[in-house]
Amino acid sequence: MHALTADNFRRATFALFALAAADVSSASAQQEVANATPTAAPLDPGTLGGLWLSEKHDGVFSIRSCGDTICGALVGMQYDGPEIPRGKHGQSECGLTMLTDFRPGDDASGRWEGHILDPDSDKTYDAQIWSPRPNVMKLRGYVGIPLFGQTQTWTRYSGPIGAACKLPENP
């Protein structure tokens, strides 16, 4: 099995924004989707803190408190060759803070609302994170309203991260 490249990781991670352009044509369909959206119990920032392995197992993020918000940096990734992947403006993706300004949502769902950066386009999207159960975190990226987004499931990570943020082939 070959390792996923950083480009594949970015495509997979930011493909969740593709549904933002979708048009749900009826109010009843919108209500049906809204009712199906999972919720989580309220939590504190410590529940989300730590290392998280992305859904495709090709990126690890360090989630931590950043003042009165939660943020997350890409600290491990799979890529080919010795060169660390770089974003649109040439900045290294190793250590790049891509999850920013997460604050508790206005409701009691336990979701935190903030932003996620796509380093390839340098665009920032709205996002939500929450933990429905121990060692599991959900990340929902969207444009405008959460209804028009997609959710990924991340899991806690405790494996090795090599020099230059390089992950082993099968983390």
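All letters in the sequence shown, in the order written, are residues -29 to -1, 1 to 142 by mature numbering (1 follows the signal peptide of the UniProt record, and there is no 0). Beta carbons: idealized from backbone N, C-alpha and C, even for Gly. Since the model is a prediction, treat every value here as computed from it, not as a measurement.
Margin query: With the cut-off set at 8 Å, would you say Gly120 and Asp91 are in Cβ contact?
Written below: no
Item checked: Nearest-angstrom Cα separation, counted from Pro53 out to Ala85 -> Checking the sequence shown, residue 85 turns out to be Gly, not Ala. Between Gly85 and Pro53, the C-alpha separation is close to 33 Å.
Next item on the list: Apply the 10 Å Cβ neighbour rule to Gly115 and answer buried if 16 or more other Cβ atoms are within range, or exposed otherwise.
Entry: exposed
Item checked: alpha helix (DSSP H) runs contained entirely in the region 94 to 124, provided each spans 4 or more residues -> none
Item checked: Bridge partner(s) assigned by DSSP for Val31 -> In the DSSP assignment, Val31 forms a beta bridge with Leu24 and Gly47.
Notebook entry, point to check: Which residue from Trp125, Met48 and Glu64 puts its Cα closest to that of Val107?
Noted result: The residue among Trp125, Met48 and Glu64 with its C-alpha nearest the C-alpha of Val107 is Trp125.
Item checked: Residue environment, residue 186, which counts as buried when at least 16 other CB atoms sit within 10 Å -> There is no way to answer for residue 186, as the model of the chain reaches only from -29 to 142.
Notebook entry, point to check: How would you label Gly112, buried or exposed, when you count the other beta carbons within 10 angstroms and need 16 or more for buried?
Noted result: buried
Notebook entry, point to check: Using the beta-carbon count (16 or more within 10 Å), is Gln99 buried or exposed?
Noted result: buried
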